[in-house]
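Chemist:
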Amino acid sequence: MSYIIEVEDLWKRFPMRRDRPGFKEFFVNLPKFINRDSNSYFWALKGISIKVEKGECVGIIGKNGAGKSTLLSLILGNVYPTRGRVSVSEKITPLLELGAGFHPDMTGRENILINGVLLGLTKNEVMERMEDIIAFSDISDFINLPVRTYSTGMYLRLAFSVAIHMDPKLLLIDEILSVGDEAFQKKSRDALLNLINGGVTTIFASHQMSAIKEICHRAIWLDGGEIRAEGEPERVVEEYLRYPG
Amino acid sequence: MKFLNNREFRRKKDLLWLLTKKEITLKYKRTFLGIFWSLLNPILFAIVLFIAFKIFMRIQMENYTFFLLAALFPWNWFSASIIISTGTLIGNVSLIKKVIFPRHFLIIATVLAQLINLVFAMPIIVAFSYYYGEGPGINWLLIVPILIAIQFTVTIGICLMVSVINAYFRDMEYIIGIIITMLFWMTPIIYPLDVIPEAYRIYLILNPLTYLITAWRDIFMSNSINWSNIIVSFGISLVFFLSGIFIFQRLGRSLDEVI
Chain A
376 MSYIIEVEDL
386 WKRFPMRRDR
396 PGFKEFFVNL
406 PKFINRDSNS
416 YFWALKGISI
426 KVEKGECVGI
436 IGKNGAGKST
446 LLSLILGNVY
456 PTRGRVSVSE
466 KITPLLELGA
476 GFHPDMTGRE
486 NILINGVLLG
496 LTKNEVMERM
506 EDIIAFSDIS
516 DFINLPVRTY
526 STGMYLRLAF
536 SVAIHMDPKL
546 LLIDEILSVG
556 DEAFQKKSRD
566 ALLNLINGGV
576 TTIFASHQMS
586 AIKEICHRAI
596 WLDGGEIRAE
606 GEPERVVEEY
616 LRYPG
Chain B
34 MKFLNNREFR
44 RKKDLLWLLT
54 KKEITLKYKR
64 TFLGIFWSLL
74 NPILFAIVLF
84 IAFKIFMRIQ
94 MENYTFFLLA
104 ALFPWNWFSA
114 SIIISTGTLI
124 GNVSLIKKVI
134 FPRHFLIIAT
144 VLAQLINLVF
154 AMPIIVAFSY
164 YYGEGPGINW
174 LLIVPILIAI
184 QFTVTIGICL
194 MVSVINAYFR
204 DMEYIIGIII
214 TMLFWMTPII
224 YPLDVIPEAY
234 RIYLILNPLT
244 YLITAWRDIF
254 MSNSINWSNI
264 IVSFGISLVF
274 FLSGIFIFQR
284 LGRSLDEVI
């Protein structure tokens, strides 16, 4: 069996002090800086190994700060591992942030085009899908207006609609199932389920346990950068919910 | 030409074009004069310089307005690209963190978008050339693209450097402001190259624009080509280009940790 994603003994650390001290602080705290422990790092991931088969839907659960988003960024390739290896043998469609790259002063149409190309299509391919994307997002009246005039819900609906029309082969999703009103939430969940049932490999990080149980074939519980449990979604979610920490 | 039909190549081309178009259209969106600001800016500046140096300081030089504009338009492409690209990476956080695409495209798009100003300025330069001289010669068709290519190369190199350095070291933005001002006065823009004393000329090679601006002026004002200037500026531009790529790749790896 060939794997779409292979993650081997993955470690990632971030420097603890995210803001470099300025000149003033430097002089005020000079003695402290001289004796500073230069090895203060935060390990976001500590030796993670995951293999994902084609067509599988893997749910990732865990508390805030457990390393879910870092893991997704590493798989996407925006973040380099400190140690270990990530290999991905398929084009990735990231849904890590809806509307990443949308510009408020551009119209809905213009944003669809640039977002679609950023997510991996050619201009012509986006143009072919344009009407479908607009129809799915339900904002046809506003589509030629700048995005800054949209309500939050409309903005997210448009962004979600672009993302699911990209013919994804491998989807990375970071907590976005709750988009828009009830009706659109159902619509978006159905669309995602369609993709997953159609054989799209999916990595899905979420706090919505019902969604994990419903959609995923396998769940992984991350805790403090390590895999705490892995397997049947029902069982892993149970364990996670029972865990007091 | 099989690779031109390659889908990934077409996608990259579309992406670069769309990013460039976005830069161009957004820059003056919601302004009344729009793209004309890019022409007004150097023209008004040229008028002020003309008053200061020609009328007040009484510099003895013919066609001083044309002399200024022939250098100011290319200079503007350079300086605007650098000032804008300093903030390009830190201004596109969500794209860089959440989408995967070649990040240097953002910088290339910025530089290409500023090139449009030079293109818009060409009719003005042509008009001046007819008014003060014999008009543009056939050699413009060869030299103007070459000079654009050289300036593009050096500008891209510097923009890659400053944009990524600024992500780690935000003082860069202010340093760039000072350097651009200093560079303006240290480049033969408001004075010709030959007023610089022989002893100092050697240091001019440190300034990537000295020979380039001189070459622009040669072609615009007298249809003349000084190949040694062009070759020197090409050499300098390559050095900046390669260092830019090197620094961008090196620092780009942990970009996500600092923006």
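As you go down the protein sequences, you meet chains A and B in turn.
Going by the numbering used here, the first residue of the first sequence is number 376, and it counts up by one from there.
Going by the numbering used here, the first residue of the second sequence is number 34, and it counts up by one from there.
Positions of the beta carbon are idealized from the N, C-alpha and C atoms, including for glycine.
Bear in mind the structure is a predicted one, so any value in this text is a computation, not a measurement.
#1: Let's see if you can read the secondary structure: which residues bound the alpha helix (DSSP H) around Y244(B)?
#2: Taking contact to mean at least 3 C-beta pairs separated by less than 8 Å, is the stretch 493-511 of chain A in contact with the stretch 465-473 of chain A?
#3: DSSP three-state call for S261(B): helix, strand or coil?
#4: Looking at the strands, I want to know which residues DSSP matches up with F417(A).
#5: Looking at the C-beta of R234(B), does it have a partner C-beta in chain A at a distance below 8 Å?
#6: Please name the residue in K498(A), V463(A), N439(A), P479(A) whose C-alpha comes closest to that of A580(A).
#7: List the residues that DSSP assigns as beta-bridge partners of W596(A).
#8: Kindly say whether R283(B), judged by its beta-carbon, lies nearer than 8 Å to any beta-carbon of chain A.
#9: Determine the chain A residues that contact K55(B) at a beta-carbon separation under 9 Å, and present them in chain order.
#10: Helix, strand or coil: how does DSSP classify P135(B) here?
#11: Quick one: what's got a C-beta closer than 6 Å to L237(B)'s C-beta in the same chain, skipping five residues either side?
#12: Suppose contacts are defined by Cβ-Cβ distances below 8 Å. Is G474(A) in contact with Y530(A) by that definition?
#13: Return helix, strand or coil for L470(A), following the three-state DSSP convention.
#14: Determine the chain A residues that contact F134(B) at a beta-carbon separation under 7 Å, and present them in chain order.
#15: Mark S168(B) as exposed unless 16 or more other C-beta atoms lie within 10 angstroms of its C-beta, in which case mark it buried.
#16: Under DSSP, the alpha helix (DSSP H) around L122(B) begins and ends at which residues?
#17: Please state the DSSP three-state secondary structure of V152(B).
#18: Counting along the chain, where does the beta strand (DSSP E) carrying I171(B) start and finish?
#19: For T524(A), count neighbouring C-beta atoms within 10 Å of its own C-beta (all shown protein chains included) and say buried if the count is 16 or more, exposed if not.
#20: Return the residue from the list S257(B), L122(B), K131(B) that minimises the CA-CA distance to I141(B).
#21: Leaving out five residues before and five after I539(A) in sequence, what residues of the same chain have Cβ atoms less than 6 Å from its Cβ?
#22: By the criterion of Cβ-Cβ separation under 9 Å, what are the contact partners of L496(A) in chain B?
#23: Residues in the stretch 157-182 of chain B with C-beta within 7 Å of chain A's C-beta atoms, listed in sequence order?
#24: May I have the straight-line CA-CA distance separating T577(A) from I425(A), to the nearest angstrom?
#25: 8 Å is my cut-off, CB to CB: does Y378(A) come that close to chain B?
#26: Are any of the Cβ atoms in chain A nearer than 8 Å to that of R91(B)?
#27: Which whole-angstrom value describes the C-beta separation of F309(B) and Y165(B), a residue pair presumed to lie in contact below a C-beta threshold of 8 Å?
#28: Strictly below 7 Å CB to CB, what residues from chain B border S475(A)?
#29: What first and last residue would you give for the alpha helix (DSSP H) that runs through V492(A)?
#30: Pick out the complete alpha helix (DSSP H) segments inside the stretch 184-249 of chain B, 4 residues or longer, and give them in chain order.
#31: So, for P456(A): in the same chain, excluding its five sequence neighbours on each side, which residues have a beta-carbon less than 7 Å away from its beta-carbon?
#32: How would you write the range of the beta strand (DSSP E) that L546(A) sits in, first residue to last?
#33: Listing by chain order, which chain B residues have their CB less than 8 Å from the CB of I467(A)?
Modeler: According to the structure data:
#1: Annotation: the continuous alpha helix (DSSP H) that includes Y244(B) extends over 243-255.
#2: Three or more beta-carbon pairs separated by less than 8 Å link the stretch 493-511 of chain A to the stretch 465-473 of chain A, which places the two stretches in contact.
#3: It is helical.
#4: F389(A).
#5: For R234(B), the answer is no, since every Cβ of chain A falls outside 8 Å of its Cβ.
#6: The shortest C-alpha separation from A580(A) is found at N439(A).
#7: Paired residue(s): I436(A), A604(A).
#8: By this cut-off, R283(B) is not an interface position.
#9: Under the 9 Å cutoff, chain A gives H478, M481, E485, I489.
#10: Secondary structure at P135(B): coil, using DSSP grouped into helix, strand and coil.
#11: T243, listed in sequence order.
#12: G474(A) places its beta carbon less than 8 Å from that of Y530(A).
#13: If DSSP states are grouped into helix, strand and coil, L470(A) belongs with the strands.
#14: Listed along the chain, the chain A residues whose CB falls inside 7 Å of the CB of F134(B) are L493.
#15: Per the sequence shown, the amino acid found at residue 168(B) is Gly instead of Ser. Flag for G168(B) reads exposed.
#16: No alpha helix (DSSP H) contains L122(B), which DSSP labels as neither H nor E.
#17: If DSSP states are grouped into helix, strand and coil, V152(B) belongs with the helices.
#18: Neither: I171(B) is in no beta strand (DSSP E) and is coded neither H nor E.
#19: Label assigned to T524(A): exposed.
#20: Measuring from the Cα of I141(B), the nearest candidate turns out to be L122(B).
#21: Closer than 6 Å at Cβ, skipping near neighbours: A566.
#22: Against chain B, the beta carbon of L496(A) has neighbours under 9 Å at R44, D47, listed in chain order.
#23: For the stretch 157-182 of chain B, which is checked against every Cβ of chain A, not one residue is closer than 7 Å.
#24: A direct Cα-Cα distance of roughly 13 Å separates T577(A) from I425(A).
#25: For Y378(A), not one C-beta of chain B is nearer than 8 Å to its own C-beta.
#26: At a cut-off of 8 Å between C-beta atoms, R91(B) does not count as an interface residue with respect to chain A.
#27: No information on residue 309(B) is available, as it lies outside the stretch 34 to 292 that chain B covers here.
#28: In the sequence as displayed, the identity of residue 475(A) is Ala instead of Ser. Residues of chain B passing the Cβ test: S127, L128, K131, V132.
#29: Per DSSP, V492(A) belongs to the alpha helix (DSSP H) from 483-493.
#30: The DSSP assignment places complete alpha helix (DSSP H) segments of no fewer than 4 residues inside the stretch 184-249 of chain B at 205-219, 231-234, in order along the chain.
#31: L385, W386, K387, L449, listed in sequence order.
#32: Counting along the chain, the beta strand (DSSP E) containing L546(A) begins and ends at 545-549.
#33: What I467(A) touches in chain B: I133.
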